[in-house]
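S.K.: Once you've had a glance at the structure underneath, I'll fire off some questions.
Residue numbers (the working numbering): 85 to 407.
As C-alpha cells, this is what we get:
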C-alpha cells in the first residue's frame, strides 16, 4: 500500500513561510506564484496549486489552521458555490485574505466575498498573473515580462511564441514547480523547457486522437461533445471543434471534474451550475461521480450527468454577467 503523505491541513500547520498562496494549477498560476516569490522571497511563500474542483475544499482545509494574522493570497480562481462559507471560516481563523481574480463574478458574489477579505480585486481585462504583477511588482521588469508572456497564453492572444510552449508545460501538474522556479528567475527557455515541450508535443497528439475516438456528441440547440480527459483539455477541445464543428466541448476526467469550452459565451454560467466557474468561453466544473458513474464513463463513455449538462446548457440565455 502506498504510504500517504501529510494532508494539506498538516502541511499548512507545519509550514515555515509566512504567506500562503492558494492559486490555480496552470501557467497563469505558476506565473503569479513566481511573482509572489520574487516579491516576498522564494522561501517565504507556501504555495497550494489547486484545481477549480478542489478549491473550496482546499480553502476549508486552510481555514482549519489558525492564521495568526498571516496573509492568505488567492489568485486566478473565481467564486463558486460554497466558497463564501470557506472564506468566512478562514477570516474567523485569523487569515488576512487578499483575493485577485480575472474571471467573471456577479455583483452579489462580490458583495458576499468582500466582507471576508482585506482586498478583493476582480478584473477581467488581464490574466491572474497580470493582476498579481500590477499589484505586487509593477516596477519589476522581470515580473512585467512574466505577466506579458503568461497573459498572451491565458487570454488567447497568441502573439508571443514562447507562451504556447510554456502554457503546454504548465498544463501538467508535475511541471508547475520547476516551471515556476524558472519564471521566478526570468528564464523563459532552457534545455529543460525545450525537452519537456518536445515530449509533451509527441504525447499530446496521441492523447487527442485517443480522446476523440471515445468522444460522444449530443445534438440539439447546441452541438455538445463529451470526451475523456487525457492531459490536454484546451487542445483536445480545439481539435474537436475544428473537426466536428461543435458549439460546446466538455473534457471530463475520470473523477468527474471537467474542463468546458463554448462558442456561445455561456461556459461560466454552465460551470456555475456544476460547482465551478471561469470565463464566458472557457470554464471548469465537476460532476459528482459515484462509483457507477465512473464505471459507466470508463466503459461506455457516458453518464446521466451529461443529460443534466445538456438541459442546463440549452435552458440558458446567452447573456454576459458583470465582470
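Virtual Cβ for every residue (Gly too), placed ideally from N, Cα, C.
What you are looking at is a predicted structure, and each value in this text was computed from that prediction instead of being measured.
Tell me whether the beta-carbon of residue 188 lies closer than 8 Å to the beta-carbon of residue 201.
M.R.: Position 104 of the chain shown, counted from the start, is the residue given in the question as residue 188. Position 117 of the chain shown, counted from the start, is the residue given in the question as residue 201. Their beta carbons are not under 8 Å apart, which means residue 188 does not touch residue 201 by this criterion.
S.K.: Count the CB pairs spanning the segment 171-185 and the segment 373-387 that are closer than 8 Å, and state whether there are at least three.
M.R.: No, because fewer than three Cβ pairs between the segment 171-185 and the segment 373-387 fall closer than 8 Å, the two stretches do not touch.
S.K.: Measure the CB-CB distance between residue 267 and residue 125 and report whether it falls below 8 Å.
M.R.: Numbered from 1 along the chain shown, position 183 holds the residue referred to as residue 267. Numbered from 1 along the chain shown, position 41 holds the residue referred to as residue 125. No, these two residues do not count as a Cβ contact at 8 Å.
S.K.: Mind the definition here: the segment 130-145 touches the segment 242-254 only if three or more C-beta pairs lie below 8 Å; say whether that holds.
M.R.: Too few Cβ pairs lie closer than 8 Å, so no.
S.K.: Going by other Cβ atoms of all chains shown within 10 Å of its Cβ, with 16 needed for buried, is residue 191 buried or exposed?
M.R.: Counting from one through the chain shown, the residue named residue 191 turns up at place 107. Exposed, since its Cβ has fewer than 16 Cβ neighbours within 10 Å.
S.K.: Looking at the structure shown, is residue 347 part of a helix, part of a strand, or coil, going by DSSP?
M.R.: The residue you call residue 347 lines up with position 263 of the chain shown. The answer is coil: DSSP assigns residue 347 none of H, G, I, E or B.
S.K.: With a floor of 4 residues, list each alpha helix (DSSP H) that falls wholly inside the segment 180-214, ordered by position along the chain.
M.R.: Correct list: 191-198.
S.K.: Could you check the C-alpha separation between residue 204 and residue 174 for me, to the nearest Å?
M.R.: Mapped onto the chain shown, residue 204 falls at position 120. Mapped onto the chain shown, residue 174 falls at position 90. Approximately 15 Å between the Cα atoms of the pair.
S.K.: Measuring straight from C-alpha to C-alpha, what distance separates residue 168 and residue 363?
M.R.: Locating residue 168 in the chain shown gives position 84, where the first residue counts as 1. Locating residue 363 in the chain shown gives position 279, where the first residue counts as 1. Cα to Cα, residue 168 sits roughly 20 Å from residue 363.
S.K.: Assuming residue 197 and residue 171 make a contact with CB atoms under 8 Å, what is their CB distance in whole Å?
M.R.: The sequence position of residue 197 within the chain shown is 113, counting from 1. The sequence position of residue 171 within the chain shown is 87, counting from 1. At roughly 6 Å, the Cβ-Cβ gap stays under 8 Å, so residue 197 and residue 171 are in contact.
S.K.: By Cβ distance below 8 Å, which residues in the same chain neighbour residue 384 in space, the five residues on each side in sequence not counted?
M.R.: Taking the first residue of the chain shown as 1, we reach residue 384 at position 300. Same-chain partners within the cutoff: there are none.
S.K.: So, residue 312 versus residue 336, is the Cβ gap smaller than 8 Å?
M.R.: Mapped onto the chain shown, residue 312 falls at position 228. Mapped onto the chain shown, residue 336 falls at position 252. In this structure, residue 336 lies closer than 8 Å to residue 312 by Cβ.
S.K.: Where DSSP assigns a beta bridge to residue 311, which residues make up the other side?
M.R.: Indexing the chain shown from 1 puts residue 311 at position 227. In the DSSP output, where bridge partners are listed per residue, residue 311 has 335.
S.K.: If you drop the 5 nearest sequence neighbours on each side, which residues of the same chain put their C-beta closer than 8 Å to that of residue 92?
M.R.: Stepping through the chain shown from its first residue, residue 92 is reached at position 8. If we look at residue 92 and ignore the five residues flanking it on each side, its Cβ neighbours are 132, 142, 145 and 146.
S.K.: So for residue 400, helix, strand or coil by DSSP?
M.R.: Against the chain shown, residue 400 aligns to sequence position 316. In the structure shown, residue 400 sits in coil (DSSP, three-state: anything other than H, G, I, E or B).
S.K.: Alpha carbon to alpha carbon, how far is residue 240 from residue 229? Give it in angstroms, no decimals.
M.R.: One-based indexing of the chain shown puts residue 229 at position 145. One-based indexing of the chain shown puts residue 240 at position 156. Each residue's Cα considered, the two are about 17 Å apart.
S.K.: What does a CB cutoff of less than 7 Å around residue 406 pick up in its chain, not counting 5 residues either side in sequence?
M.R.: Here residue 406 refers to the residue found at position 322 of the chain shown. Bear in mind that the predicted position of residue 406 carries a pLDDT of just 42, short of 50, making it too unreliable to give a figure here.
S.K.: Taking the Cβ atom as the reference point for each residue, do residue 361 and residue 342 lie within a distance shorter than 8 Å?
M.R.: For the purposes of this step, residue 361 is taken as residue 277 along the chain shown, with counting starting at 1. For the purposes of this step, residue 342 is taken as residue 258 along the chain shown, with counting starting at 1. Taking 8 Å as the Cβ cut-off, residue 361 and residue 342 do not qualify as a contacting pair.
S.K.: Which residues in the same chain have their Cβ closer than 8 Å to the Cβ of residue 101, if we skip the five residues on either side of it in sequence?
M.R.: Indexing the chain shown from 1 puts residue 101 at position 17. Hits under 8 Å: 127, 128, 129 and 130.
S.K.: Alpha carbon to alpha carbon, what distance is there between residue 367 and residue 416?
M.R.: Outside the displayed span of the chain (85 to 407) sits residue 416, for which this structure offers no information.
S.K.: Near residue 149, which residues of its chain fall below 8 Å by C-beta distance, leaving aside the five closest residues on each side in sequence?
M.R.: Here residue 149 refers to the residue found at position 65 when the chain shown is read from its first residue. Around residue 149: 93, 96, 97 and 177.
S.K.: Is the beta carbon of residue 265 less than 8 Å from the beta carbon of residue 291?
M.R.: Along the chain shown, read from residue 1 onward, the residue named residue 265 stands at position 181. Along the chain shown, read from residue 1 onward, the residue named residue 291 stands at position 207. No, Cβ-Cβ distance for residue 265 and residue 291 is not below 8 Å.
S.K.: Taking 8 Å as the cut-off, decide whether the C-beta atoms of residue 220 and residue 181 are in contact.
M.R.: Mapped onto the chain shown, residue 220 falls at position 136. Mapped onto the chain shown, residue 181 falls at position 97. No.
S.K.: With burial defined as no fewer than 16 other Cβ atoms inside 10 Å of the residue's Cβ, what is the status of residue 122: buried or exposed?
M.R.: Translated into positions along the chain shown, residue 122 becomes position 38. It is buried - the Cβ of residue 122 has at least 16 other Cβ atoms within 10 Å.
S.K.: Taking residue 139 and residue 103 to be in contact with their CB atoms under 8 Å, please state how far apart those CB atoms are, rounded to whole angstroms.
M.R.: Here residue 139 corresponds to residue number 55 of the chain shown, with the count starting at 1. Here residue 103 corresponds to residue number 19 of the chain shown, with the count starting at 1. Residue 139 to residue 103, Cβ: 18 Å. No contact.
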